[in-house]
Amino acid sequence: MYSYEDRIRAVKLYIKLGKRTGATIRQLGYPTKNSLKSWHAEYERCLDLPRGYENSKSKYSLAQREKAVGHYLEYGRNIAATIKALGYPARDSLRAWIYEMHPELHTRVVGRSDGLARPPAV
């Protein structure tokens with residue numbers, strides 16, 4: 313992510329150098345060719361660049377996320393089974409939703425969970 317000043321500097325230099333991506337990138341040390349071209353296209357269209365980055369809309373609605381987390385909690389807290397039953401989402405997405413909606417489930421057990429000492433080694 314680049315600041316507004318970095319992006320506008322790159323676009324103005326790109327125009328000054330005759331829209332030569334290689335020369336612009338060599339001189340600044342950033343960005344990628346495709347980023348520079350997309351920034352320039354946005355600059356040409358609006359005569360400015362947006363001040364920040366927009367977050368993309370979530371692929372899944374809140375109802376879908378709640379359904380997935382509810383299924384996970386109701387049917388044995390098995391991520392793989394939930395994904396297989398519903399057909400969505402990816403494992404990491406479901407895990408993030410679970411921790412977002414139920415942060416108390418984000419506890420990890422390290423060692424023995426029964427609290428008993430290990431038997432002495434023989």
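Numbered according to my numbering, the sequence shown terminates at residue 434, and the numbering increases by one at each position without gaps.
All C-beta atoms in this analysis are idealised placements derived from N, C-alpha and C, irrespective of residue type, glycine included.
Since we're looking at a predicted model, the values are computed, not measured.
- The criterion of a C-beta distance shorter than 8 Å is not satisfied by T419 and L406.
- Out of E378, P432, Y387, K349, the CA that lies nearest to the CA of I410 is found in E378.
- For K331, the CB contacts under 8 Å within the same chain, skipping 5 residues up- and downstream, are H352 in chain order.
- Annotated three-state conformation of G364 is coil, per DSSP.
- Listed in chain order, the alpha helix (DSSP H) elements of length 4 or more contained wholly in the stretch 332-413 are 333-340, 345-358, 374-386, 391-398, 403-413.
- The stretch 355-363 and the stretch 390-404 do not touch, with fewer than three beta-carbon pairs separated by less than 8 Å.
- With the rule of 3 Cβ pairs closer than 8 Å, the stretch 368-387 does not count as touching the stretch 332-348.
- P432 carries a coil assignment under DSSP once its states are collapsed to helix, strand and coil.
- Secondary structure of Y314 (DSSP, three-state): coil.
- The C-beta distance from Y372 to P401 rounds to 6 Å, short enough to fall under 8 Å.
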